[in-house]
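Reviewing the structure listed below.
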Amino acid sequence: MKLRTVLLSFATVALVQATSPKQAQEASALVDTMGQTETADNGALDNTTTSLRAGKRGYVLLEDTVVRKKMLHFDRERAPERVVHALGHAAYGTFTPTGDWSNLTSACWLQGNTSSDVFTRFSVVVAGIGGADTGRDTHGFATKIYSNCGNHDLVGNHVPSFFINDGALFPDLVHAVKAEPNTGFPTGGSAHTNAYDFFTQRPEHTEQLMAVLSDMGIPRDTRHISGNGVHTYRFINAQGKSTLFKWYWLPKLGHRALVYDEATKLAGKNNNFQRIDLFTTIEAGLYPEWEFAVQLFPDDGEYMYNGIDLLDATQIVPFEMNAPVTLGEMVLNRNPTNYFAETESVSFAPSNVVDGVSFVPDALLQWRLMSYDDTSTHRHNSPNGYLLPVNAPISPVNNNYRDGYMQPKIFEGESASSPDGIGGVVAASPHVALAVANETVSGQIGRFQPFNDPFTQARGFWFSMDQYAQQHTVDAYRFELGHVSNPNVTAKYISTILNPVNNCLARRVAFGVGAPMPAIGTGSSVVPNVTFPSLYPLNANVSLPVTGLVVAILTTSDDIPLATYQTLTSVLSSQNALFEVVASHQGVLASGVPANESYVTTSSVLFDAVIIVSAGFSTNTSVPLVEQEFVREAFGHGKPIGEVGSGFLSSLQLTGPGLFVNSDAGSVINSVIGALEMPGRFPQRNPLDDVKAICG
Ligand code: HDD
């Protein structure tokens, strides 16, 4: 299917078909203004696009109340953006459990024979609302499950650990990674002095930052990321038995990443790349799916597992130590109807749980239980945001919350309190309240710093990456520390954070940024006996579906034989891959093949692979430089490149793995698909550090 065709054919009237209770609820909030005659906000017919003036060329009258109200509304159209995770995109879908998990939990959405509507919002933490969604960052993965027994929010990130383990530090962390307060830059990333100064003070961040600086921090899109609950939570079953768990969304499409140069160029070429990717693939019917899996831990009151502190969000339990069990599946299959009303107005909160799930005494989680409800009240300028269509549960809401800004409900009767004797809300018995931990707690009051070894897990992560992934991570540290303007901060980060992880890593980074090199043999050079490949799923030697990947078809002669086009595109379509023909101009080529993109409207970074039809190619001087650059750039980004014909790639002096040259279009396209199925691309096209020279 052609990418642009999907976008162009998107029906402007995307009416919600009410096939579930949540959709019926949404449908009742829909407003269809198509073809309606304009009115003022009191419902009177009026014209608000022409000012009321004293004469044809005269002053605008104060009496123009309709346009005044229009302007007044416009002036207030923005709600404050989220203080973190401002930039996001979202979709609706369905969650279905794969079995009956009543042995673990009484959460109704995990019992067999049920499915629930969901709304999932993906985000980046640092960039503001108009930023680029391919920026290197932790990505948010927040799901609201509209279950029969109430909303359950799973508010996670795309990597399994966190920078800090006490919520009291969260405002400091966010201040540090956002733009510097004096200058206001950079707005979309942590490559600056105060971020690294903060990190140097808090070594517990080390593993999470390494994950974000690896290619995990620049996922291709949000269909190819995991969701991670990060914290330990508690299942409680009907018998009151508690089992600790960590939750994960595991993408059925596997994990895929960009390369950094590509990610930064995408930010300029199309800063909504990931938002559009999800939108387009859903419109094309290529619905992304995830497994919902949990690691289970016995609740013996200690909150430890194999020496790992389950209350410390900076610590991971690798899948090799505790294999996740799949409990359900999620498919995202419906785009929102209105960005502001849904994606922007949704409020997630880890505090939204149903009976059967509860919390543990993790000082990060405990503050999250407060902060999200608070920030939602601020963003909606009202505590009534939970009544908005995207936030409303499908189960009845009966409480005594009354009034406040924008209360849309009309409560009947004289009672607004419970318990009462006059027929108001009946107070729930403590016996039917949400189950909580069955534990007795006591302790010496104090401010305690949870502090576990911050370097061992980072070292495990480092050694779980192959040499190419390590090189990209070294380059990312160099980029970040290369933008730190205070050399003491750079030197301290290298000597006190990176050197204890691994001496060679520290030396490579120091070499790259011209900082003092920690002496050979100082710090840690230990290679852990066990590595944890699950920590770095991008290395996985697996063959993945190519669903929704996009292939550019180029030509050296500004035309493509129809038969070649048909061979290429029928194989791509059979694999659910998308494609575009890119030529010197948009429109129909001489052979009748439609070119939807030109070198002006698109760029190589928007594609996962390139195929050049060069049959009849004589010399590359006849090929526009911009097209030659397109191919060179795709080559530099490690993408598979096919040539139907011969002579063009060799004239560009491109050689090496991942180039498929053949006169037979079928052979070329099958080789390109085969290469796309391997998520790692061809990183060997770029040189590696001379590790021996740097590390000895
Ligand atoms: Fe948070 C938003 C995930 C720690 C406070 N957070 C937010 C979102 C996600 C996460 C996915 C976006 C939700 C959306 O799409 O609307 N946050 C996490 C994870 C954390 C984490 C996985 C650690 C394990 N967050 C964290 C802490 C605090 C917050 C420790 C405060 C103590 N987070 C917020 C917030 C936000 C938020 C300020 C901003 C917008 C919102 O909540 O609705 O309350």
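If you use mature numbering (1 follows the signal peptide of the UniProt record, and there is no 0), the sequence shown corresponds to residues -18 to -1, 1 to 678, in order.
Cβ coordinates follow ideal geometry from the N, Cα and C atoms, glycine included.
- Your pair I200 and H140 does not check out as a contact, with CB atoms roughly 11 Å apart and the cut at 8 Å.
- In the structure shown, the three-state DSSP call for H55 is helix.
- D646 sits in coil when the DSSP states are folded into three classes, being neither helix nor strand.
- Counting along the chain, the unbroken beta strand (DSSP E) around N315 starts and ends at V307 to R316.
- Residue state for Y74 is assigned as strand, using DSSP reduced to three classes.
- If you ignore the 5 residues before and after P665, its C-beta comes within less than 7 Å of the C-beta of Y450 and G620, all in its own chain and listed in chain order.
- The beta carbon of H71 sits no closer than 6 Å to any heavy atom of the ligand HDD.
- DSSP links S105 through a beta bridge to G70 and G122.
- Set against 6 Å, the gap from the CB of G149 to the closest heavy atom of the ligand HDD is smaller.
- For G70, the closest C-alpha among the options G113, C90 and R35 is that of G113.
- A415 is the residue among A415, N317 and L278 whose C-alpha sits nearest the C-alpha of G338.
- Listed in chain order, the non-local C-beta contacts of P432 below 6 Å within the same chain comprise N147 and D294, local neighbours out to five positions each way being set aside.
- Between F180 and L155 the beta-carbon gap is near 7 Å, inside 8 Å, which marks them as a contact.
- Here H206 carries a helix assignment [DSSP, helix/strand/coil].
- W231 carries a strand assignment under DSSP once its states are collapsed to helix, strand and coil.
- Using a C-beta cut-off of 8 Å, the segment 99 to 114 makes contact with the segment 70 to 83, since at least three inter-stretch Cβ pairs fall below that distance.
- Cβ contact annotation for P661 (same chain, cutoff 7 Å, sequence separation greater than five): G236, H237, R238, L520 and L526, in chain order.
- Taking 6 Å as the cut-off, the C-beta of S552 does not count as close to any heavy atom of the ligand HDD.
- Taking C-beta separations shorter than 6 Å and ignoring five residues to either side along the sequence, the partners of K228 in its chain run G211, T214 and Q277, following chain order.
- For A647, same chain residues with a beta-carbon under 6 Å away, outside a window of 5 residues either side, are T546, T549, L550 and V626 in chain order.
- For L536, the closest of E20, Y368, P306 and V613 by C-alpha to C-alpha distance is V613.
- Taken atom to atom, the span from the alpha-carbon of D115 to that of V42 is near 43 Å.
- Around D82, the same chain offers Q93 and G94 as residues with beta carbons nearer than 6 Å, after the five sequence neighbours per side are excluded.
- Excluding the 5 residues flanking it on each side, H55 has same chain C-beta neighbours closer than 8 Å at D23, in chain order.
- Closest by C-alpha distance to E462, out of P482, P270 and S172, is S172.
- Contact between N373 and S329 is confirmed by a C-beta separation of about 5 Å, below the 8 Å threshold.
- D356 sits in a helix when the DSSP states are folded into three classes.
- Annotation for L155: the continuous alpha helix (DSSP H) segment containing it runs F152 to V159.
- Straight through space, the alpha carbons of S2 and A9 are spaced by roughly 10 Å.
- A Cβ-Cβ separation of about 24 Å leaves A597 out of contact with P639 under the 8 Å criterion.
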